[in-house]
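Visitor: Chains as they are written, first to last, in our numbering: chain A, -10 to 203; chain B, -10 to 203.
Quick one: the structure is below, and I'll ask about it shortly.
Protein chains: 2
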Amino acid sequence: MRVPPEERSATAARILQAADELIAEVSYEGVSMRDVAEAAGVKKALVFYYFNSKAELFDRVIERYYAAHLGALSSSIEGSGSVRDRLHRVIDAYLDFIEANRRYPRLIQQQVAGGNVHLDLIRRNLEPLFEWVQATFSEVAPSHGPLAARHFFVTFSGIVINYYTYAVVLGPLWSEDPLCPSALTDRRSHVHWMADLVLDGLERERTEDSDRSR
Amino acid sequence: MRVPPEERSATAARILQAADELIAEVSYEGVSMRDVAEAAGVKKALVFYYFNSKAELFDRVIERYYAAHLGALSSSIEGSGSVRDRLHRVIDAYLDFIEANRRYPRLIQQQVAGGNVHLDLIRRNLEPLFEWVQATFSEVAPSHGPLAARHFFVTFSGIVINYYTYAVVLGPLWSEDPLCPSALTDRRSHVHWMADLVLDGLERERTEDSDRSR
DNA sequence: GCAATATTTGACCGATCGGTCAAACCGATT
DNA sequence: AATCGGTTTGACCGATCGGTCAAATATTGC
């Protein structure tokens, strides 16, 4: 396996980080290689020396995030326990990862909503989490209809990730900085509250169903 | 009040629609005026004849969406009734609007996650809905903490809008096209189920609180 | 010390970008 | 037929885009 440029050279790492910040701040098309070079305190040609093209640099940025994302979630995904325990654990892991990688929500939303150039890369990233939700919720949710597992995947993805992207826009309207520590713990509690609510609701659906079939 | 170009000329309307489709498909920076002209079957200079600059054309695209969005929601927002009725009504109006404007979710997610060039435009668009949620939930939710109204604004925004953006990415992984009519009615039921769940949950929180204080 | 190797730079390339403008074109009006 | 206002076009502009390359500069191994 070949070693990526940012692990060989500290300069390459600085370039990658500059690209990371700029892309998350604007967008892939909105950032030029000159911007990246300038932000990294380096001449443009050097960027091409380490990363051969703009697409390659960009790929390294999101591939690194995706790998980190999967790594952060894998341990919490593989664990055992009740559905409730497992769900809370994955939510915590997801929130931990986002708070340690503040630019991730913007990046992934750009990917999903923007030009579908790297569509299968995003899909490969979301697939394990999707499969996990599918498998986990199959124990407590019907296999099809409005309460099927895949709806809860989208629902919880939205609940978790949208807070961070909307925070930038809506922050000024709020009484408090949405990204300050106390607000973030509030948000975390909110998501967990929603999770318990859904699991309780699904349980109620099941008992009502069995009552009705009796 | 001045008449916008697309209401004076059918050609201008075609150009605007082409810009609409391309921007939603890719992104503002990712689309050139030549692309727009070609998609509209027109020479580039004509685009500048009707819309004086790329920024102006782009502004017309999103302004039109925002106006339509507010128009579609205003009647459901202004109505009266129980909190539950009002919430279900606004959700239905939001979903109706999205299904009539399929490119809207991608556009708004691009705006929120992308370069914050038009940040206050987005804010003006989201503000009325945010204020409405704030006012409506104040009757049933605590004024601060994890169950404050603003958390439910973000939560429901995410639940409603994320489905459509994720659908494009995750569709191939699903057993069914996420945007086919039956899947959309399932999703609508899912959102309404979540709404009832939240309102019931908040009611339970309130009675537990008053029990505890007794 | 020198030579080989890796890093960094400035100058340059063709293509494309957003934008301008004068001229051609068009259907009415007289 | 002449003309006139709105429409459409082709040619062109300077700036910037992603990308290349040879030369200059550090760094390493001997």
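We put the CB at the ideal spot given by N, CA and C, even for glycine.
To be precise: take each residue of the region 156 to 176 of chain B, compare its Cβ to all Cβ atoms of chain A, and keep it if any distance is under 9 Å. Which residues remain?
Guide: Identification of residues in the region 156 to 176 of chain B having a C-beta nearer than 9 Å to some C-beta of chain A yields Ala156, Val157, Val158, Leu159, Pro161, Leu162, Trp163, Ser164, Glu165, Pro167, Thr174, Asp175 and Arg176, given in sequence order.
Visitor: Report the neighbours of Gly68 (chain B) on chain A: residues whose CB is nearer than 7 Å to its CB, in chain order.
Guide: If you number the second sequence from 1, residue 68 (chain B) lands on position 79. Those do not exist, as Gly68 (chain B) stays about 23 Å from chain A at its closest Cβ, beyond 7 Å.
Visitor: For Gly30 (chain B), which of helix, strand or coil comes out of DSSP?
Guide: As a working mapping, residue 30 (chain B) is identified with position 41 in the second sequence. Three-state result, Gly30 (chain B): coil.
Visitor: According to DSSP, simplified to helix, strand and coil, what is Leu168 (chain B)?
Guide: Looking up residue 168 (chain B) in the second sequence gives position 179. Reduced to three states, the DSSP call for Leu168 (chain B) is coil.
Visitor: Within this structure, are the beta carbons of Gly106 (chain A) and Gly103 (chain B) separated by less than 8 Å?
Guide: If you number the first sequence from 1, residue 106 (chain A) lands on position 117. If you number the second sequence from 1, residue 103 (chain B) lands on position 114. Note that residue 106 (chain A) corresponds to Val in the displayed sequence, not to Gly. No, the pair does not count as a contact, with Cβ atoms beyond the cut-off.
Visitor: Looking at the C-beta of Glu116 (chain A), does it have a partner C-beta in chain B at a distance below 8 Å?
Guide: Locating residue 116 (chain A) in the first sequence gives position 127, counting from the first residue. Taking a beta-carbon distance threshold of 8 Å, Glu116 (chain A) counts as an interface residue toward chain B.
Visitor: Among the residues of its own chain, which have a CB less than 6 Å from the CB of Ile150 (chain B), if the five just before and after it don't count?
Guide: Indexing the second sequence from 1 puts residue 150 (chain B) at position 161. Result list for Ile150 (chain B): Pro94, in chain order.
Visitor: Mapping DSSP to helix, strand and coil, what is Leu152 (chain A)?
Guide: Residue mapping note: residue 152 (chain A) aligns to position 163 of the first sequence, counting from 1. Here residue 152 (chain A) is Tyr; the residue named in the question, Leu, does not match the sequence. If DSSP states are grouped into helix, strand and coil, Tyr152 (chain A) belongs with the helices.
Visitor: In whole angstroms, what is the alpha-carbon distance linking Ser131 (chain B) and Phe40 (chain B)?
Guide: Your numbering for residue 131 (chain B) matches position 142 in the second sequence. Your numbering for residue 40 (chain B) matches position 51 in the second sequence. Looking at the sequence shown, residue 131 (chain B) is not Ser but Pro. Taking the straight line from one Cα to the other gives about 48 Å.
Visitor: State the Cα-Cα distance for the pair His181 (chain A) and Glu165 (chain A), rounded to the nearest angstrom.
Guide: On the first sequence, residue 181 (chain A) is found 192 positions in, with the first residue counted as 1. On the first sequence, residue 165 (chain A) is found 176 positions in, with the first residue counted as 1. CA-to-CA, the gap between His181 (chain A) and Glu165 (chain A) works out to about 21 Å.
Visitor: Is Ile206 (chain A) close to chain B? Criterion is C-beta to C-beta, closer than 8 Å.
Guide: With chain A covering -10 to 203 only, the question about residue 206 (chain A) has no answer from this structure.
Visitor: Can you tell me which of the three DSSP states His133 (chain B) falls into?
Guide: Taking the second sequence and counting its residues from 1, the one referred to as residue 133 (chain B) is at position 144. Residue state, collapsed to three classes: coil.
Visitor: Where does Trp182 (chain B) sit, in a helix, a strand or coil, going by DSSP?
Guide: What you label residue 182 (chain B) is simply residue 193 of the second sequence in a count that begins at 1. Residue state, collapsed to three classes: helix.
Visitor: Alpha carbons only, please: which of B:Ala13, B:Trp121, B:Leu11 and B:His58 is nearest the one belonging to Ser69 (chain B)?
Guide: Walking along the second sequence from the start, residue 69 (chain B) turns up at place 80. Minimum Cα distance to Ser69 (chain B) is reached at B:Trp121.
Visitor: Within 8 Å, do at least three Cβ pairs link the region 64 to 81 of chain B to the region 24 to 38 of chain B?
Guide: no
Visitor: Within 8 Å (strictly less), CB to CB, does Trp121 (chain A) reach chain B?
Guide: Position 132 of the first sequence, counting from 1, holds the residue named residue 121 (chain A). Answer no: the Cβ-Cβ gap between Trp121 (chain A) and chain B never drops below 8 Å.
Visitor: What are the boundary residues of the alpha helix (DSSP H) that includes Val79 (chain A)?
Guide: The residue given as residue 79 (chain A) occupies position 90 in the first sequence. That run of the alpha helix (DSSP H) goes Val72 to Ala89.
Visitor: Would you kindly report the start and end of the unbroken alpha helix (DSSP H) that includes Tyr17 (chain B)?
Guide: The residue given as residue 17 (chain B) occupies position 28 in the second sequence. No alpha helix (DSSP H) holds Tyr17 (chain B); DSSP gives it neither H nor E.
Visitor: Any idea what DSSP makes of Pro(-7) (chain B), helix, strand or coil?
Guide: The sequence position of residue -7 (chain B) within the second sequence is 4, counting from 1. Reduced to three states, the DSSP call for Pro(-7) (chain B) is coil.
Visitor: Report yes or no: do the region 48 to 67 of chain A and the region 1 to 12 of chain A share at least 3 C-beta pairs separated by less than 8 Å?
Guide: yes
Visitor: Using a Cβ-Cβ cutoff of less than 8 Å, which residues in the same chain neighbour Thr154 (chain A) once the five nearest sequence positions on both sides are dropped?
Guide: Here residue 154 (chain A) refers to the residue found at position 165 when the first sequence is read from its first residue. Hits under 8 Å: Pro94, Arg95 and Gln98.
Visitor: For Ser171 (chain A), which residues of its own chain have a beta-carbon under 8 Å away from its beta-carbon, when the five flanking residues on both sides are left out?
Guide: One-based indexing of the first sequence puts residue 171 (chain A) at position 182. Within its own chain, the residues whose Cβ lies closer than 8 Å to the Cβ of Ser171 (chain A), once the five positions on either side in sequence are excluded, are Glu165, listed in chain order.
Visitor: At which residues does the alpha helix (DSSP H) containing Ser65 (chain B) begin and terminate?
Guide: On the second sequence, position 76 is the one that residue 65 (chain B) refers to. Following the DSSP letters along the chain, one finds Ser65 (chain B) inside the alpha helix (DSSP H) bounded by residues Lys43 to Glu67.
Visitor: Which chain A residues sit within Cβ distance under 7 Å of Thr154 (chain B)?
Guide: Reading the second sequence from its first residue, position 165 is the one you call residue 154 (chain B). Result: Val101 and Ala102.
Visitor: Cβ closer than 8 Å: which chain A residues qualify as neighbours of Leu213 (chain B)?
Guide: Only positions -10 to 203 of chain B appear in this structure, which leaves residue 213 (chain B) out of reach.
Visitor: Pick helix, strand or coil for Arg193 (chain B), following the three-state DSSP scheme.
Guide: The count along the second sequence starts at 1 and reaches residue 193 (chain B) at position 204. Helix at Arg193 (chain B).
Visitor: So which residues on chain A does Ile12 (chain B) lean against when the C-beta distance must stay under 7 Å?
Guide: Sequence index remark: in the second sequence, residue 12 (chain B) carries index 23 (1-based). The premise fails here: Ile12 (chain B) is roughly 10 Å from chain A at the closest Cβ pair, so nothing lies under 7 Å.
Visitor: Give me the subset of the region 44 to 58 of chain B whose CB atoms are less than 7 Å from a CB atom of chain A, sorted by chain position.
Guide: Here the close residues number zero.
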